[in-house]
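Heads up, the thing below is written out as structure tokens.
Now the structure itself:
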């Protein structure tokens with residue numbers, strides 16, 4: 001019991017006061033990994049007042065916790081593991097841990113019909129550790145002894161994927177607006193998924209004869225600007241503004257005039 005109380009007190013000190021601001025500022029989108037495996041979510045995690053909020057169901061599924069109950073009567077979420085039951089109340093600071101009542105400052109909330117809960121609280125109570133890759137906006141959650149299959153779904157990606165894609169966006173769309181950066185990122189992803197080019201982001205970028213800036217000195221150690229990382233992660237998360245375009249250039253291709261899809265910020269994008 002003392003251990004539980006210490007956990008709850010530490011969470012209160014960690015999170016500070018709660019103010020909901022999901023989507024109020026455009027920062028690098030956050031993604032989660034559990035023991036190195038990508039966790040797919042239809043609502044992205046976000047940070048507010050120093051606390052990270054995550055959709056509860058994808059995380060508990062990844063942790064192998066199958067009993068998660070949403071109760072409309074009292075607007076609560078109950079998580080049941082083998083030796084612990086936690087009940088959280090939406091927009092309230094009350095939590096129940098093994099039928100004992102405590103208080104935390106980081107209140108759960110609802111975003112797009114998904115219950116978002118404080119990651120630190122869940123991690124502490126279910127034996128997980130958290131580390132951050134701030135450059136790529138990646139949360140690395142680890143739990144000793146947990147066997148989890150690698151996520152091989154089409155929408156999964158790694159922090160290295162984010163970094164390589166951000167680098168090519170940085171050099172190919174430097175000085176352009178967000179829409180052009182997003183379009184360049186999607187050209188790379190479209191090629192990866194085309195069956196014509198290599199099927200990895202790294203392979204597409206270093207494919208012979210493509211993306212000359214990638215072969216210049218310093219590219220492999222480049223730290224991309226935040227705007228390039230945001231565009232790259234938005235593309236990886238499914239935002240596409242150029243349909244199936246596979247090519248772009250800063251001047252028209254005479255041989256592909258019929259394949260022109262869109263001109264963005266002076267760049268010509270082609271199927």
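In the working numbering, the protein residues as written are 1 to 271. We treat Cβ as the ideally placed atom computed from N, Cα and C, and that holds for glycine. Bear in mind that the values here come from a model prediction, so they are computed numbers and not experimental data.
Whether residue i touches residue j by CB criterion (8 Å)
i           : j           : result
residue 39  : residue 59  : yes
residue 120 : residue 52  : yes
residue 253 : residue 261 : no
residue 163 : residue 136 : yes
residue 196 : residue 168 : no
residue 77  : residue 117 : yes
residue 232 : residue 185 : yes
residue 88  : residue 62  : no
residue 157 : residue 222 : no
residue 90  : residue 103 : no
residue 274 : residue 176 : Residue numbering for the chain in the displayed model covers 1 to 271; residue 274 lies beyond these limits and cannot be assessed.
residue 115 : residue 55  : yes
Nearest candidate by alpha-carbon position, reference residue i, set the options
i           : options            : result
residue 47  : 234, 180, 138, 191 : 138
residue 277 : 229, 253, 228, 263 : The question about residue 277 has no answer, for the chain in this structure spans 1 to 271.
residue 160 : 143, 224, 117, 172 : 224
residue 32  : 180, 131, 218, 170 : 131
residue 276 : 221, 227, 211, 164 : Absent from the model: residue 276. The displayed extent of the chain is 1 to 271, so no value can be given.
residue 67  : 86, 55, 90         : 86
residue 182 : 220, 54, 198, 229  : 229
residue 64  : 247, 100, 146      : 146
residue 190 : 271, 74, 157       : 271
residue 172 : 248, 70, 41        : 248
residue 122 : 113, 106, 111      : 106
residue 202 : 129, 165, 144      : 165
The alpha helix (DSSP H) enclosing residue i, as first and last residue numbers
i           : result
residue 114 : Segment 114–118 is the beta strand (DSSP E) holding residue 114; no alpha helix (DSSP H) there.
residue 47  : Residue 47 -> not in any alpha helix (DSSP H); beta strand (DSSP E) instead, spanning 46–48.
Span of the beta strand (DSSP E), counted from its first residue to its last, around residue i
i           : result
residue 100 : 100–103
residue 31  : 31–34
residue 57  : Not the beta strand (DSSP E): residue 57 falls in the alpha helix (DSSP H), residues 56–63.
residue 126 : No beta strand (DSSP E) contains residue 126, which DSSP labels as neither H nor E.
residue 43  : It is not in any beta strand (DSSP E) - residue 43 carries neither H nor E in the DSSP assignment.
residue 140 : 138–142
residue 153 : Premise fails: residue 153 is in no beta strand (DSSP E) and is neither H nor E.
residue 85  : 85–89
residue 70  : 67–71
residue 271 : Element bounds for residue 271: n/a, residue is neither H nor E.
residue 262 : 260–264
residue 28  : Residue 28 -> no beta strand (DSSP E), and no H or E assigned at all.
residue 76  : 76–80
residue 109 : 109–111
Through-space distance from residue j to residue i, alpha-carbon basis
i           : j           : result
residue 80  : residue 193 : 39 Å
residue 141 : residue 178 : 30 Å
residue 57  : residue 92  : 19 Å
residue 5   : residue 37  : Summary for residue 5: the model assigns pLDDT 39, below 50, so the residue's position carries little reliability; its value from the coordinates is reported in the next sentence. Approximately 31 Å between the Cα atoms of the pair.
residue 275 : residue 209 : As shown, the chain starts at 1 and ends at 271. That puts residue 275 outside it, with no answer to give.
residue 289 : residue 109 : Limits of the chain in this structure are 1 at one end and 271 at the other, which puts residue 289 out of reach.
residue 50  : residue 97  : 23 Å
residue 238 : residue 83  : 38 Å
residue 153 : residue 259 : 30 Å
residue 207 : residue 133 : 27 Å
residue 170 : residue 26  : 18 Å
residue 226 : residue 216 : 21 Å
residue 246 : residue 111 : 34 Å
residue 24  : residue 255 : Bear in mind that the predicted position of residue 24 carries a pLDDT of just 36, short of 50, making it unreliable; the figure below should be weighed with that in mind. Computed Cα separation, rounded: 44 Å.
residue 75  : residue 100 : 18 Å
residue 127 : residue 143 : 6 Å
residue 204 : residue 113 : 37 Å
8 Å Cβ cutoff, residue i in contact with chain B
i           : result
residue 210 : The structure shown contains no chain B; it is built from a single protein chain.
Taking only runs that begin and end inside the stretch 163–251, name each unbroken alpha helix (DSSP H) of 4 or more residues, in chain order.
-> 178–192, 201–205, 226–236
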